[in-house]
Amino acid sequence: MKVQTDSTGISVTVRSTSEISRLSLEGIIAGMIGAAIIAIWFLILDTFNGRPLYTPTVLGTALFGRGEGLSSPESMRVSWEMTLMFTWVHGMVFAVIGGSVSYLLRLIEKNADLGFGILLLFVVLEFGFIVAAFIFAEPILHALAWPAVLIGNLLATAGMAGYFWLHHPNLMIRP
Numbered sequence: 003m004k005v006q007t008d009s010t011g012i013s014v015t016v017r018s019t020s021e022i023s024r025l026s027l028e029g030i031i032a033g034m035i036g037a038a039i040i041a042i043w044f045l046i047l048d049t050f051n052g053r054p055l056y057t058p059t060v061l062g063t064a065l066f067g068r069g070e071g072l073s074s075p076e077s078m079r080v081s082w083e084m085t086l087m088f089t090w091v092h093g094m095v096f097a098v099i100g101g102s103v104s105y106l107l108r109l110i111e112k113n114a115d116l117g118f119g120i121l122l123l124f125v126v127l128e129f130g131f132i133v134a135a136f137i138f139a140e141p142i143l144h145a146l147a148w149p150a151v152l153i154g155n156l157l158a159t160a161g162m163a164g165y166f167w168l169h170h171p172n173l174m175i176r177p
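Each residue of the sequence shown is one higher than the one before, starting from 3 at the first, in the working numbering.
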């Protein structure tokens, strides 16, 4: 990282492209870990309930099929197309989340006082996700048990946190 002065005399921090690439790759890998944990979690639950790939089919139908068929989700047939499309979007969303977390962790490494605020932001966003799902996606939550969604998110969070912990062993958070 270099500090340069622009034409107005203001110091500007310039990150090297290798640091940005490292943070991006770290975030993408963490995101893929989180997405895989959730996918495996729901595959296990769906298989245990006798309907493998039911959850990504329901979510894919809600996202891409305009919710058609969600009025009676128990009769919905598993669709490879919906499963693959949803899995792709799910992976991309988690890659973006992982990348964002990677950059936020870099900020915390530079200023430990930011850590508690960022941790609080995470908690608010996690529960905001659950509340938004209850408000906007009620038919989906009837098809899927919301505790399973919450547990899946917590498992993914733990997996991603473990990965980040390995890459940031000296991370300190001060209130």
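No residue lacks a Cβ here, since even glycine has one placed at the ideal position from N, Cα and C.
For residue j and residue i, the rounded distance between their alpha carbons
i      : j      : result
THR57  : ALA38  : 14 Å
THR89  : ILE175 : 34 Å
LEU109 : LEU116 : 8 Å
LYS112 : LEU121 : 16 Å
MET87  : THR63  : 10 Å
GLU70  : PHE50  : 25 Å
Nearest residue (CA-CA) to residue i, options the options
i      : options                      : result
VAL103 : MET78, VAL125, ALA41, GLY29  : GLY29
GLY67  : GLY130, MET84, ILE22         : MET84
VAL80  : GLY101, ARG53, HIS92         : ARG53
ALA41  : LEU106, LEU65, HIS92, ALA114 : HIS92
HIS170 : SER20, SER18, SER74, LEU25   : LEU25
LEU65  : ALA163, ALA135, VAL98, LEU27 : ALA135
PRO149 : TRP43, ALA114, ASN172        : TRP43
Distance between beta carbons of residue j and residue i, contact taken as under 8 Å
i      : j      : result
LEU157 : ILE132 : The pair is not a contact, with the Cβ atoms about 15 Å apart (cut-off 8 Å).
PHE96  : GLY161 : With 8 Å as the limit, PHE96 and GLY161 do not qualify as a contact, their Cβ atoms being about 11 Å apart.
ALA32  : GLY100 : 4 Å
Simplified DSSP state of residue i, which is helix, strand or coil
i      : result
ALA147 : coil
Nonlocal neighbours in the same chain, by C-beta distance under 8 Å from residue i, ignoring five residues either side
i      : result
LEU123 : none
Close beta carbons around residue i, own chain, < 7 Å, minus the five adjacent residues each side
i      : result
GLU128 : ASN155
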